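Visitor: Quick one: this structure, given as structure tokens, is what I'll be asking you about.
2 protein chains.
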Amino acid sequence: MEASRPRGRPRTFDRQQALQVATELFWRYGYDGTSIADLTQMMGVTPPTLYAAFGSKEQLYREALLDYIRSNGVLVERVVHNGEPIYSLIANYLYRSAEAYTDPAHPPGCMLQLAALTCAAENEAAHKTGVELRQEAFQLLVASLEWAKEREELPSETNVFALARMFMALLQGMSIQAVDGASTEELKEMVTAALAAWPGKRPNETQNTIHHRDTEF
Amino acid sequence: MEASRPRGRPRTFDRQQALQVATELFWRYGYDGTSIADLTQMMGVTPPTLYAAFGSKEQLYREALLDYIRSNGVLVERVVHNGEPIYSLIANYLYRSAEAYTDPAHPPGCMLQLAALTCAAENEAAHKTGVELRQEAFQLLVASLEWAKEREELPSETNVFALARMFMALLQGMSIQAVDGASTEELKEMVTAALAAWPGKRPNETQNTIHHRDTEF
DNA sequence: AAATTTTTATAGCGATCACTATTAAATACA
DNA sequence: TGTATTTAATAGTGATCGCTATAAAAATTT
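Chains as they are written, first to last, in our numbering: chain A, 1 to 217; chain B, 1 to 217.
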């Protein structure tokens, strides 16, 4: 099956690959800290090519962040489709985040949690993008805890908003501490300490010594 | 008692006040997001005056951050000098941080926790300043928990490093969530949920309904 | 082959970046 | 009253910022 080519001159670069290059740069250096010159140089394209493909620096940032989330934010899909118990799901997610945030193969921490926390006043659009996408992630976490409460996996008096904020804070704190050089094991020990705050009884206590394949989950 | 004036032309601006202006700008907009033009305009001085007084943008940033910490980081002084029980000290500090991070009188969150998490590669010195000062704060938190353990306020098997990381993560998560628009009450509820992870028995359970004067502590 | 469509690179736009050479102004000291 | 000392503003420096006008190149369609 040969896909019919579009009409004009064909692309000489991989758009998705260029997007991942942009993601890594924005992730490590932030919105203000990444220049168009940085992007074009690492992508191997010239400025007009970048603008033809992505519109503007702000649009490229948003698309890069959305692509990062699509590739890495799998928590809710799992709770919905697998029906996994909420405790093991969240505990495993936290331990796996401790590994991912310290993986030297990419910048430290979670790109979403670090996205445009501070930036120049004239780049408020990028700031709002970060705020908006973090709020969406928070709402999904709240929803997954709500569903677990309906399934009676959490005590009926549980404050799911407060609990969701606490797990968000753990992911955010792990991101900053990964930037500051914390090791995988140090972050995992913190997760273990924090999971003591789980309300009610914890079914199937998950150990941080359980290691998973990178391709799993 | 009249302080003898120095020899040359006297200053026409308040250096400490200018430093606080710089602190607010760096706090809200970050290192990359704050320009010399922003600083000079808000300080009411010209660029040569700023450089004569503070050396460089990097030195001004470091000085502003150190001044912020000196003004706001009072945790350890309290545990050392007052001999306050560690649980009430940390619980109160967390609840008060929830108030401070959402105070509309200044930028949201903690300037230290948000300091230069990401910035341009050529500004690595500012990034290192942030990392270094957060690591110092973490070591002080570890030390205060260690002393509490020696005073037998914590179980002997307590992992104080993991516990210190958890409280750092709460402060860091509260900072990011304050940036994202969380309310004082939402952050306090999160603190309450997280304090359930406190090891052993908690003496004198602190309520988030206890309100303190702004001038206290 | 000619026309149409799309992507490409060259070259450079005006604005802003962090920073400074120069000189005038304002004080204390001799 | 000079001289030394320090701070002040004027007026810029070269470099980089995000972005684009223009036109050549490479494909399909007619």
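Heads up, the beta-carbon is just placed ideally off N, CA and C, and yes, glycines get one too.
Here the structure is a predicted model, which means the values were calculated and not measured.
1) With 16 as the cutoff for other CB atoms within 10 Å, does residue 107 (chain A) come out buried or exposed?
2) Which chain B residues sit within Cβ distance under 9 Å of residue 32 (chain A)?
3) Count the other CB atoms, across all protein chains shown, that sit within 10 Å of the CB of residue 62 (chain A); report buried if there are 16 or more and exposed otherwise.
4) Rounded to whole angstroms, what's the CA-CA distance from residue 224 (chain B) to residue 118 (chain A)? Just pull it up for me.
5) Hey, would you say residue 64 (chain B) sits closer than 8 Å to residue 120 (chain B), going by beta carbons?
6) Leaving out the 5 sequence neighbours to the left and right, which residues in its chain are closer than 8 Å to residue 164 (chain B) when beta-carbon positions are compared?
7) For the stretch 98–107 of chain B against the stretch 126–138 of chain B, are there 3 or more C-beta pairs whose distance is under 8 Å?
8) If you run the structure through DSSP and keep just helix, strand and coil, what is residue 45 (chain A)?
9) If we define contact as Cβ-Cβ less than 8 Å, is residue 173 (chain B) a contact residue for chain A?
10) Report the rounded CA-to-CA distance for residue 158 (chain B) versus residue 59 (chain B), giving the unit in angstroms.
11) Can a CB atom of chain B be found closer than 8 Å to the CB of residue 24 (chain A)?
12) Between residue 200 (chain B) and residue 34 (chain B), what straight-line distance do the alpha-carbon atoms span, to the nearest angstrom?
13) Using only alpha-carbon positions, find the residue among A:41, A:9, A:161, A:166 that is nearest to residue 91 (chain A).
14) DSSP on residue 70 (chain A), reduced to helix/strand/coil?
15) Is there a Cβ from chain A that is less than 8 Å from the Cβ of residue 189 (chain B)?
16) Using a Cβ-Cβ cutoff of less than 7 Å, which residues in the same chain neighbour residue 19 (chain B) once the five nearest sequence positions on both sides are dropped?
17) Determine the chain A residues that contact residue 136 (chain B) at a beta-carbon separation under 7 Å, and present them in chain order.
18) Check whether chain B comes within 8 Å of residue 42 (chain A), counting only Cβ atoms and requiring the distance to be less than that.
19) Quick test of your reading: residue 188 (chain A) and residue 98 (chain A), contact by CB under 8 Å. State the CB separation rounded to the nearest angstrom.
20) Assign residue 102 (chain A) to one of two classes, buried (16 or more other C-beta atoms within 10 Å of its C-beta) or exposed (fewer than that).
21) Compare the C-alpha of residue 71 (chain A) against each of A:48, A:178, A:44, A:112 and name the closest.
22) Spatial neighbours of residue 46 (chain B) within its chain, please: CB distance less than 8 Å, with the 5 preceding and 5 following residues excluded, ordered by chain position.
23) Assuming residue 169 (chain A) contacts residue 173 (chain B) under a Cβ cut-off of 8 Å, what Cβ separation, rounded to an integer in Å, is found between them?
24) By the criterion of Cβ-Cβ separation under 9 Å, what are the contact partners of residue 181 (chain B) in chain A?
25) From what residue to what residue does the alpha helix (DSSP H) around residue 194 (chain B) run?
26) With a threshold of 16 other CB atoms inside 10 Å of the CB of residue 11 (chain B), please say whether the residue is buried or exposed.
27) My output table needs one value for residue 113 (chain B): the three-state DSSP class, helix, strand or coil.
28) Taking its Cβ as the centre, do 16 or more other Cβ atoms sit within 10 Å of residue 14 (chain B), making it buried, or is it exposed?
29) To the nearest angstrom, how far is the alpha carbon of residue 36 (chain B) from that of residue 196 (chain A)?
30) So, is the C-beta of residue 200 (chain A) closer than 8 Å to a C-beta in chain B?
31) Residue 191 (chain B) and residue 95 (chain B) look like a contact to me (Cβ under 8 Å); what is the Cβ gap, rounded to whole Å?
32) Where do the ends of the alpha helix (DSSP H) carrying residue 97 (chain B) lie?
33) Rounded to whole angstroms, what is the Cα-Cα separation between residue 153 (chain B) and residue 193 (chain B)?
34) Where does residue 31 (chain B) fall in DSSP's three states?
35) For a contact meaning CB atoms closer than 8 Å, what does residue 20 (chain A) contact in chain B?
36) Based on Cα-Cα distance, which residue from B:57, B:5, B:9, B:6 lies nearest to residue 25 (chain B)?
Guide: Short version:
1) Result: buried.
2) Residues of chain B passing the Cβ test: 29, 30, 31, 32, 33, 118, 119, 120.
3) It counts as buried.
4) Nothing about residue 224 (chain B) can be read from this structure; chain B reaches only from 1 to 217.
5) No, they are not a contact pair.
6) For residue 164 (chain B), where only same-chain residues beyond five positions count, the Cβ hits under 8 Å are 138, 141, 142, 145.
7) Taking one beta carbon from each stretch, the stretch 98–107 of chain B and the stretch 126–138 of chain B have fewer than 3 pairs nearer than 8 Å; the two do not touch.
8) Of the three classes helix, strand and coil, the one that applies to residue 45 (chain A) here is coil, per DSSP.
9) Taking Cβ atoms only, chain A reaches closer than 8 Å to residue 173 (chain B), which makes this a yes.
10) Going from the Cα of residue 158 (chain B) to the Cα of residue 59 (chain B) covers about 40 Å.
11) Output row for residue 24 (chain A): interface = no.
12) Approximately 46 Å between the Cα atoms of the pair.
13) Nearest to residue 91 (chain A) by alpha-carbon distance, out of A:41, A:9, A:161, A:166, is A:166.
14) In this structure, residue 70 (chain A) counts as helix in the three-state DSSP scheme.
15) At a cut-off of 8 Å between beta-carbon atoms, residue 189 (chain B) makes contact with chain A.
16) The residues are 63, 64, 67.
17) Using a Cβ-Cβ cut-off of 7 Å, residue 136 (chain B) is close to nothing in chain A; its nearest Cβ partner there is about 11 Å away.
18) Answer no: the Cβ-Cβ gap between residue 42 (chain A) and chain B never drops below 8 Å.
19) Going by Cβ atoms, the distance from residue 188 (chain A) to residue 98 (chain A) rounds to 5 Å, so yes, they are a contact pair.
20) Result: buried.
21) When only C-alpha atoms are compared, the closest one is A:112.
22) Once the five neighbours on either side are set aside, the close Cβ partners of residue 46 (chain B) are 40.
23) Their Cβ separation, rounded to whole angstroms, is 2 Å, which keeps residue 169 (chain A) and residue 173 (chain B) in contact under 8 Å.
24) For residue 181 (chain B), the neighbours in chain A by C-beta distance under 9 Å run, in chain order, 131, 135.
25) Per DSSP, residue 194 (chain B) is one residue of the alpha helix (DSSP H) stretching across 184–194.
26) By the 10 Å Cβ count, residue 11 (chain B) comes out exposed.
27) Residue 113 (chain B) falls in the coil class under three-state DSSP.
28) That one is exposed.
29) Those two C-alpha atoms are separated by around 47 Å.
30) The beta carbon of residue 200 (chain A) does not come within 8 Å of any beta carbon belonging to chain B, so the residue lies off that interface.
31) The pair is a contact, with the Cβ atoms about 6 Å apart (cut-off 8 Å).
32) Residues 86–101.
33) Residue 153 (chain B) and residue 193 (chain B) have their C-alpha atoms spaced approximately 21 Å apart.
34) Three-state DSSP puts residue 31 (chain B) in coil, outside helix and strand.
35) Residues of chain B whose Cβ lies closer than 8 Å to the Cβ of residue 20 (chain A) do not exist; the shortest such Cβ separation is about 17 Å.
36) Per the Cα distances, B:57.
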